[in-house]
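Enquirer: Order-wise, the sequence lines are chains S and H. Residue numbers are given in the numbering used here: position 77 of the first sequence equals residue 77, and the series is strictly consecutive. Numbering-wise, the numbering used here comes out as the position in the second sequence, counting from 1, plus 110. Please read through the structure below; I'll follow up with questions.
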Amino acid sequence: GQNIDQPTEMTATEGAIVQINCTYQTSGFNGLFWYQQHAGEAPTFLSYNVLDGLEEKGRFSSFLSRSKGYSYLLLKELQMKDSASYLCAVPGGATNKLIFGTGTLLAVQP
Amino acid sequence: DSGVTQTPKHLITATGQRVTLRCSPRSGDLSVYWYQQSLDQGLQFLIQYYNGEERAKGNILERFSAQQFPDLHSELNLSSLELGDSALYFCASSAGQGTYEQYFGPGTRLTVT
Numbered sequence: 001g002q003n004i005d006q007p008t009e010m011t012a013t014e015g016a017i018v019q020i021n022c023t024y025q026t027s028g029f030n031g032l033f034w035y036q037q038h039a040g041e042a043p044t045f046l047s048y049n050v051l052d053g054l055e056e057k058g059r060f061s062s063f064l065s066r067s068k069g070y071s072y073l074l075l076k077e078l079q080m081k082d083s084a085s086y087l088c089a090v091p092g093g094a095t096n097k098l099i100f101g102t103g104t105l106l107a108v109q110p
Numbered sequence: 111d112s113g114v115t116q117t118p119k120h121l122i123t124a125t126g127q128r129v130t131l132r133c134s135p136r137s138g139d140l141s142v143y144w145y146q147q148s149l150d151q152g153l154q155f156l157i158q159y160y161n162g163e164e165r166a167k168g169n170i171l172e173r174f175s176a177q178q179f180p181d182l183h184s185e186l187n188l189s190s191l192e193l194g195d196s197a198l199y200f201c202a203s204s205a206g207q208g209t210y211e212q213y214f215g216p217g218t219r220l221t222v223t
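See the structure below:
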C-alpha cells in the first residue's frame, strides 16, 4: 500500500523561503506529484518528479530522493497568494489513481 | 482553467435523496477520476474510468456509482444520501493510463441537510 506524511501546518513570512517536506512509502514507485490547493478550489498541478534530484520551475522547486522515500517542495520569494494547501501525491497501483497526503496548510504572513 | 468542467457547482439536498454530478474531461483525455474531499479528510480517490470502462475503485460506497459515456463525459451518482456525504467532489482527467499528470475540475460542493 501507500502511505504519505506531511506536516499539517506551516507559517512563513512574505519574501522568505519555505520548504515543505513529504515522506512516502509505496509498493512500486511511479513518481511523486505536488499540487497546490486554495481553500474551496481545485488542486492545481505544480510538479512531477520521477528521478532523483531537484527540478526548478520559477519560484517553485521540487526535490526527490527515491532511496529515502523523501521529497520536498521549495517556495522562494513567498507572496501572500502562496497561502494555500500543498498536497503531496503518489500514483497508486497500475491505474494511476493518485494517493494524496493530507496536505500542508501554508500561511504566508506580511 | 484546467479544461475540465463540472456541474453543478453547488448542490444542496436532503438526506435520503439521490443526486448526479457531471464531469467533462479535457479535450482528448481518456481517463476520468473522481475524488471526494471532506473537511476532516484529504482527497480520497473514489473511482476511475478509461475510455468508457471502469479501471479502478477506491473507497467508494455501494450507494455511489459512476459511468463514463461514449463522448467521454462522466457522471457520479450518489444515492440514499447521508449527512456524512457532504463534501467537495472533484473530477480529474488525464490523457491516458501511461500519463500521470491529472487536471482537476472546479468541483461540486454537495451539502446534505
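From the three backbone atoms N, C-alpha and C, an ideal C-beta is built for every residue, glycine too.
Taking Cβ-Cβ distances shorter than 9 Å, what residues in chain H pair up with G103 (chain S)?
Expert: Residues of chain H passing the Cβ test: G152 and L153.
Enquirer: At a CB-CB cut-off below 9 Å, which residues of chain H make contact with I20 (chain S)?
Expert: Within 9 Å Cβ-Cβ: nothing; I20 (chain S) doesn't reach chain H, min ~15 Å.
Enquirer: Taking the beta strand (DSSP E) that Y72 (chain S) belongs to, which residues open and close that run?
Expert: Element bounds for Y72 (chain S): Y70 to L75.
Enquirer: Would DSSP call D195 (chain H) helix, strand or coil?
Expert: Reduced to three states, the DSSP call for D195 (chain H) is helix.
Enquirer: Can you tell me whether D111 (chain H) is helix, strand or coil according to DSSP?
Expert: Three-state result, D111 (chain H): coil.
Enquirer: Please list the partners that Q72 (chain H) has in chain S, where partner means a Cβ-to-Cβ separation under 9 Å.
Expert: Nothing in the structure corresponds to residue 72 (chain H), since chain H is present only between 111 and 223.
Enquirer: Within 8 Å, do at least three Cβ pairs link the stretch 49-57 of chain S to the stretch 92-103 of chain S?
Expert: No, because fewer than three Cβ pairs between the stretch 92-103 of chain S and the stretch 49-57 of chain S fall closer than 8 Å, the two stretches do not touch.
Enquirer: On the CB-based measure, 16 or more other CB atoms within 10 Å of its CB, does A107 (chain S) come out buried or exposed?
Expert: Per the 10 Å Cβ criterion, exposed.
Enquirer: Would you list the residues sitting across from G92 (chain S) in a DSSP beta bridge?
Expert: Looking at the DSSP assignment, G92 (chain S) forms a beta bridge with S:K97.
Enquirer: Residues in the stretch 26-59 of chain S with C-beta within 9 Å of chain H's C-beta atoms, listed in sequence order?
Expert: Per Cβ criterion, the list reads N30, G31, F33, Y35, Q37, G40, E41, A42, P43, T44, F45, Y48 and V50.
Enquirer: Starting from S134 (chain H) and walking both ways along the beta strand (DSSP E), at which residues does that stretch end?
Expert: Where S134 (chain H) is concerned, the enclosing beta strand (DSSP E) stretches over V129 to S134.
Enquirer: Can you find a CB in chain H that lies within less than 8 Å of the CB of L87 (chain S)?
Expert: Closer than 8 Å: yes.
Enquirer: How would you label G215 (chain H), buried or exposed, when you count the other beta carbons within 10 angstroms and need 16 or more for buried?
Expert: Classification of G215 (chain H): buried, given that the 10 Å Cβ count is 16 or more.
Enquirer: Any beta-carbon of chain H closer than 8 Å to the one on K81 (chain S)?
Expert: Output row for K81 (chain S): interface = no.
Enquirer: Do you know offhand how far G58 (chain S)'s Cα is from L73 (chain S)'s?
Expert: Taking the straight line from one Cα to the other gives about 12 Å.
Enquirer: Which one of H:G126, H:P118, H:K119 and H:G113 has the shortest CA to CA distance from L193 (chain H)?
Expert: Answer by Cα proximity: H:G126.
Enquirer: Using CA atoms only, rank isn't needed, just tell me which of H:I170, H:F155 and H:S148 is closest to Q212 (chain H).
Expert: For Q212 (chain H), the nearest C-alpha among the options comes from H:F155.
Enquirer: Would you kindly report the start and end of the unbroken beta strand (DSSP E) that includes K167 (chain H)?
Expert: Counting along the chain, the beta strand (DSSP E) containing K167 (chain H) begins and ends at E163 to K167.
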